[in-house]
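J.: Protein chains in written order, with our numbering: chain A, 1 to 123; chain B, 1001 to 1275.
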Amino acid sequence: MKILIVDDFSTMRRIIKNLLRDLGFNNTVEADDGSTALPVLKNGGIDFLVTDWNMPGMSGLELLEQVRADPALNKLPVLMVTAEAKREQIIRAAQAGVNGYVVKPFTAAVLKEKIEKIFERIG
Amino acid sequence: MAGLEEFTDLNSFEDQLQGRVKELSTSLENGDLSGAMARLAELSEARNQLLYQEVGRLTRGLHEAIKAFNIDVENSTAFQTSASDTEISEVANANERLNYVLELTEGAANTTMDMVDASMPVAEEIGEQARLLREDWKKMSDSKSTLAEIKDLGRSTEAFLQEIENGTNILHKNFTEILLAQGFQDLTGQLITRVIGLVNDVESNLVNLVKVAGKVDSITGRSQEELVEPSSEEKAEEAEEKLVKGHGPQVHAEEVSDVVSGQDDVDDLLSSLGF
């Protein structure tokens, strides 16, 4: 299970990386916005995408839309971990095909629950 | 003072000035001193009137410039719900953001210190128990211990190992909390970035204002055109842009109706959408 963590703040990437390691996911790679994440995804081998929303360059929503529009990537599970908390944004992310949505600040338990739920659903 | 209201700009002011000066010299030539004084008073009044108008124009320009910061969908939608302050400025919002930064950094510092406080005694206790146990083991190897003493040592060693297990679980939990508390850096970073953006906007708008003020004698309403409200189409475009690019962390999320107040709210919303 290889996971791509996308966030423009290195501290947040580190936090998520550590929490994922705690949950038993040791194989993670990082990108600092959508436009650097997309080539990594297109190269293949990523099984799960955890992305922030608000980033310079390409935002998380744009990245999600690109992923869903790509036949090779459109089944990739995507978890959004973001400070964006407007209802219309959550609805928009859901419409764009997000698999889970965690608002910052979050707890380790919430992240664990959402990740487990995603994997349960996709089997 | 008839006709003074007509001094709407510098050109007409100049025309009027020339007219009045001619009247003034005619009055003086005719020996009409009181008439001449009246013309002088009118001239001075006209000059004041023009200054008031320019000051008014500048004030209006400044107000528009400040309001321009408010052409920010985030605020207009987020704050219109809180009935009283429909025109809360970006500057006031920047203060809120900075206050929230203070709250977040304070919270993170306290959480981290609380966890350190909770972890220290655990580490100290494990160390202390290890020291005592080591002494017991040393005694055993130095002297001939009875079977009962060796059994005791076995039991206390087992108890110690149990304590290490419990202690490390507590430490692990505390370390995770310390780790999570560092999330403040992301949130405060986003808020500060936005405030820096505002400061830059203020700066460039102030520069514009200084330019406007420097051209007082050439102001003919042009600056007003530059400050026109964006059309509803532009606003909609801006709103879409904001939505796609992100609004940043929400300040006072619990008081704003179009913002979720936490993970439970997100979960409710998503489950209502069939998630």
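Cβ coordinates follow ideal geometry from the N, Cα and C atoms, glycine included.
Roughly how many angstroms lie between the CA atoms of B:Leu1191 and A:Lys114, to the nearest whole one?
T.: Cα-Cα distance, rounded: 26 Å.
J.: Confirm, please, whether the CB-CB distance from A:Leu63 to A:Gly34 is below 8 Å.
T.: Cβ distance < 8 Å, so A:Gly34 and A:Leu63 count as in contact.
J.: If the cut-off is 7 Å on Cβ atoms, which residues from the segment 100 to 118 of chain A count as contacting chain B, listed in chain order?
T.: Those residues of the segment 100 to 118 of chain A that come within reach of chain B (Cβ to Cβ, closer than 7 Å) are Tyr101, Val102, Val103, Lys104, Pro105, Phe106, Thr107, Ala108 and Val110.
J.: For A:Lys86, which of helix, strand or coil comes out of DSSP?
T.: The answer is strand: DSSP assigns A:Lys86 an E or B state.
J.: Suppose you measure from the CA of B:Asn1279 to the CA of A:Asp47; what does that come to, to the nearest Å?
T.: Any answer about residue 1279 of chain B is impossible in this case: the structure gives chain B only from 1001 up to 1275.
J.: Taking just the CA atoms, how far does B:Leu1102 sit from B:Thr1188?
T.: Their backbone Cα atoms lie some 8 Å apart in a straight line.
J.: Give the straight-line distance between the Cα atoms of A:Ile91 and B:Glu1177, rounded to the nearest whole angstrom.
T.: Spanning the two alpha carbons is a distance of roughly 30 Å.
J.: Decide if B:Lys1138 is buried, meaning its Cβ has at least 16 other Cβ atoms within 10 Å, or exposed.
T.: Per the 10 Å Cβ criterion, exposed.
J.: State the CB to CB distance for the pair B:Leu1180 and A:Ala108, rounded to an integer number of angstroms; the pair is presumed to be in contact (CB under 8 Å).
T.: At roughly 6 Å, the Cβ-Cβ gap stays under 8 Å, so B:Leu1180 and A:Ala108 are in contact.
J.: How would you call A:Lys104, buried or exposed, if buried means at least 16 neighbouring beta carbons within 10 angstroms?
T.: With 16 or more other Cβ atoms within 10 Å, it is buried.
J.: Taking C-alpha atoms, which residue in A:Glu88, A:Phe119, A:Gly100 and A:Asn99 lies nearest to B:Lys1242?
T.: Cα-wise, what sits closest to B:Lys1242 is A:Glu88.
J.: From what residue to what residue does the alpha helix (DSSP H) around A:Glu30 run?
T.: Segment Thr28 to Ala31 is the beta strand (DSSP E) holding A:Glu30; no alpha helix (DSSP H) there.
J.: Can you tell me whether DSSP reads B:Met1120 as helix, strand or coil?
T.: B:Met1120 falls in the helix class under three-state DSSP.
J.: Opposite A:Ala64 in the DSSP bridges: which residues?
T.: Residue identity differs from the one stated: residue 64 of chain A is Leu in this sequence, not Ala. According to DSSP, A:Leu64 bridges with nothing at all.
J.: Assuming A:Arg68 contacts A:Ala96 under a Cβ cut-off of 8 Å, what Cβ separation, rounded to an integer in Å, is found between them?
T.: Confirmed, about 6 Å.
J.: Would B:Glu1165 be called buried (16 or more neighbouring beta carbons within 10 Å of its own) or exposed?
T.: So B:Glu1165 counts as exposed.
J.: Do you know offhand how far B:Val1259's Cα is from A:Lys86's?
T.: The straight-line gap from Cα to Cα measures roughly 4 Å.
J.: Buried or exposed, going by whether 16 or more other CB atoms sit within 10 Å of the CB of B:Thr1059?
T.: Burial call: exposed.
J.: I need the DSSP call for B:Val1251, collapsed to helix, strand or coil.
T.: Coil.
J.: Going along chain A, which residues have a C-beta under 9 Å from B:Asp1258?
T.: Per Cβ cutoff of 9 Å: Lys86, Arg87 and Glu88.
J.: When DSSP labels each residue in this structure, what does B:Leu1227 get in the three-state scheme?
T.: Below a pLDDT of 50, predicted positions are generally treated as unreliable, and B:Leu1227, at 47, falls in that range; the measurement from the model is reported next regardless. Residue state, collapsed to three classes: coil.
J.: Taking Cβ positions only, does B:Lys1235 come closer than 8 Å to chain A?
T.: No - not a single Cβ of chain A is within 8 Å of the one on B:Lys1235.
J.: Run through chain B and tell me which residues come within less than 7 Å of A:Ala94, C-beta to C-beta.
T.: Ordered by position in chain B, the residues that pass the 7 Å Cβ test against A:Ala94 are Leu1270, Leu1273 and Phe1275.
J.: Measuring only between beta-carbons, confirm whether B:Ala1253 sits less than 8 Å from chain A.
T.: Chain A contact via Cβ: present.
J.: Under 8 Å between C-beta atoms, does B:Thr1112 make it to chain A?
T.: No, because no Cβ of chain A sits closer than 8 Å to the Cβ of B:Thr1112.
J.: Exposed or buried, which one is B:Asn1093 when buried takes at least 16 other CB atoms within 10 Å?
T.: By the neighbour-count rule (16 or more Cβ atoms within 10 Å), B:Asn1093 is buried.
J.: Looking only at its chain, what residues have a beta carbon closer than 7 Å to the beta carbon of A:Tyr101, apart from the 5 residues adjacent to it on each side?
T.: Counting only Cβ-Cβ distances below 7 Å, and skipping sequence neighbours, we find Met80, Ile90 and Ala93.
J.: Round the Cβ separation of B:Gln1263 and A:Val110 to the nearest angstrom and send it over; I've been treating them as touching at under 8 Å.
T.: Right, the Cβ-Cβ distance comes to about 5 Å (below 8 Å), so this counts as a contact.
J.: Going by DSSP, which residues form a beta bridge with A:Gly100?
T.: BP columns for A:Gly100 point to A:Leu79.
J.: DSSP state of A:Ile115, grouped into three classes?
T.: Of the three classes helix, strand and coil, the one that applies to A:Ile115 here is helix, per DSSP.
J.: Beta-carbon within less than 7 Å of A:Ser59's beta-carbon, same chain only, minus the 5 sequence neighbours each way: which residues are those?
T.: Hits under 7 Å: Gly34 and Trp53.
J.: Helix, strand or coil for B:Leu1105, going by three-state DSSP, please let me know.
T.: Residue identity differs from the one stated: residue 1105 of chain B is Thr in this sequence, not Leu. Helix at B:Thr1105.
J.: Run through DSSP, which three-state label would B:Glu1175 get?
T.: The sequence given here has Phe at residue 1175 of chain B, not Glu. B:Phe1175: helix per DSSP, three-state reduction.
J.: The beta strand (DSSP E) spanning B:Val1260 covers which residue range?
T.: Taken as a continuous stretch (DSSP letters only), B:Val1260 belongs to no beta strand (DSSP E), as it is neither H nor E.
J.: Any Cβ of chain A within less than 8 Å of the Cβ of B:Thr1168?
T.: Not an interface residue.
J.: On a CA-only basis, which of B:Ser1232, B:Val1122, B:Asn1095 and B:Glu1090 is nearest B:Glu1163? Give me that one, please.
T.: Considering only alpha carbons, the answer is B:Val1122.
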